[in-house]
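Using the working numbering, read the sequence shown as starting at 351 and increasing by one per residue.
A quick write-up on the structure given underneath.
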Amino acid sequence: MTSPLTIAIDGPAAAGKGTLAKRVADHYRLPYLDTGLLYRAVGRQIAAAGADPDDPDQAADYARALDLAHLDDPTLRGHEAGELASRVAVHAAVREALVAFQRGFAARAEGAVLDGRDIGTVICPQARVKIYVTASAEVRARRRTDELLSHGRDDVDYARILAEVKARDERDSGRAVAPLRPADDAHLLDTSELDIDAAFRAACEVVDRALAEPDRH
Ligand code: DC
Numbered sequence: 351m352t353s354p355l356t357i358a359i360d361g362p363a364a365a366g367k368g369t370l371a372k373r374v375a376d377h378y379r380l381p382y383l384d385t386g387l388l389y390r391a392v393g394r395q396i397a398a399a400g401a402d403p404d405d406p407d408q409a410a411d412y413a414r415a416l417d418l419a420h421l422d423d424p425t426l427r428g429h430e431a432g433e434l435a436s437r438v439a440v441h442a443a444v445r446e447a448l449v450a451f452q453r454g455f456a457a458r459a460e461g462a463v464l465d466g467r468d469i470g471t472v473i474c475p476q477a478r479v480k481i482y483v484t485a486s487a488e489v490r491a492r493r494r495t496d497e498l499l500s501h502g503r504d505d506v507d508y509a510r511i512l513a514e515v516k517a518r519d520e521r522d523s524g525r526a527v528a529p530l531r532p533a534d535d536a537h538l539l540d541t542s543e544l545d546i547d548a549a550f551r552a553a554c555e556v557v558d559r560a561l562a563e564p565d566r567h
């Protein structure tokens, strides 16, 4: 019997993993979970309640009580929610509270695509396919700058965005629990020189190769 096709896509902020993961999920007709949204929702709910995102106990209470019904709120995708997410994500008890939901999603019989920071290392170490998507901090900051400009924002400053991207990398990679890092068996996909179509083709090659191999599990 073959195990479900679970695809873990990890990588740093603004590497384009969300867009890539969604396309991969559509292509293979798999359900998709953007796990960053869970941390974003916890961060937003804490901030809205006036609680302290840096307090592990308070943050964990909100993570345990997380209402998953509102993950499609578009404000969750904004910069402020991303910063709050990165702050609450350092707490072990917050991460623990979110594990069961993510593993349940990953264990669906039809397979699943999950993107995040620790999917291949902690959430689904058994995933049949692991892709670590990255790009230089400069390229990621440039893409984010261009995206904001294309939305008509006139307060966009590349140097500030680059500093933010680097600070986020440092927090996500430097934390003690489930730090951002590629799993030993992850395929590295550096998109610094690739557009989204080329990155998508490269990801599909990795998945197709894995599908052609005998199932390891
Ligand atoms: O992928 P994203 O930008 O939406 O993630 C926002 C923050 O959430 C990220 O900086 C760290 C945290 N996060 C995490 O720690 N683990 C995940 N699996 C997903 C996100």
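No residue lacks a Cβ here, since even glycine has one placed at the ideal position from N, Cα and C.
Owing to the predicted nature of the structure, the values given are computational and were not obtained by experimental measurement.
{"Item": "Tell me whether the stretch 365-379 and the stretch 469-486 touch, counting them as touching only if at least three CB pairs, one residue from each stretch, are closer than 8 Å.", "Value": "yes"}
{"Item": "Could you check which residue in A363, L561, D422 has the C-alpha nearest to that of H429?", "Value": "A363"}
{"Item": "Give every residue of the same chain whose Cβ lies closer than 6 Å to the Cβ of L498, excluding the five residues on either side of it in the sequence, and list them in chain order.", "Value": "V506"}
{"Item": "Compute the Euclidean distance between the alpha carbons of I473 and D522, then round it to the nearest angstrom.", "Value": "16 Å"}
{"Item": "Helix, strand or coil for A526? Go by DSSP, reduced to three states.", "Value": "coil"}
{"Item": "Which two residues bound the contiguous beta strand (DSSP E) that contains G361?", "Value": "That residue, G361, is in no beta strand (DSSP E); it is neither H nor E in DSSP."}
{"Item": "For L464, which three-state DSSP category applies?", "Value": "strand"}
{"Item": "Could you work out which residue in D360, I359, L355, A365 is closest to T495 when comparing CA atoms only?", "Value": "A365"}
{"Item": "Going by DSSP, what residue range makes up the alpha helix (DSSP H) through L483?", "Value": "The sequence shown places Val at residue 483, not Leu. Where V483 is concerned, there is no enclosing alpha helix (DSSP H), although the beta strand (DSSP E) it sits in stretches over 479-484."}
{"Item": "What does the alpha-carbon distance come out to for the pair A375 and F550?", "Value": "11 Å"}
{"Item": "Which partner residues of H537 appear in the DSSP bridge assignment?", "Value": "I481"}
{"Item": "Scan the stretch 363-414 and note each continuous beta strand (DSSP E) run of 3 residues or more that stays entirely inside, going in chain order.", "Value": "382-384"}
{"Item": "So the candidates are D402, A477, A442; which of them puts its Cα closest to the Cα of A533?", "Value": "A477"}
{"Item": "Using the rule of at least 16 other Cβ atoms within 10 Å of the residue's Cβ for burial, across every protein chain shown, is R490 buried or exposed?", "Value": "buried"}
{"Item": "In three-state terms, what does DSSP make of G432?", "Value": "helix"}
{"Item": "If we count the other Cβ atoms within 10 Å of its Cβ and call it buried at 16 or more, is S436 buried or exposed?", "Value": "buried"}
{"Item": "Is L434 near P403, with beta carbons less than 9 Å apart?", "Value": "yes"}
{"Item": "Please work out which residues of its chain come closer than 6 Å, Cβ to Cβ, to T471, disregarding the five sequence neighbours upstream and downstream, and give them in chain order.", "Value": "A533"}
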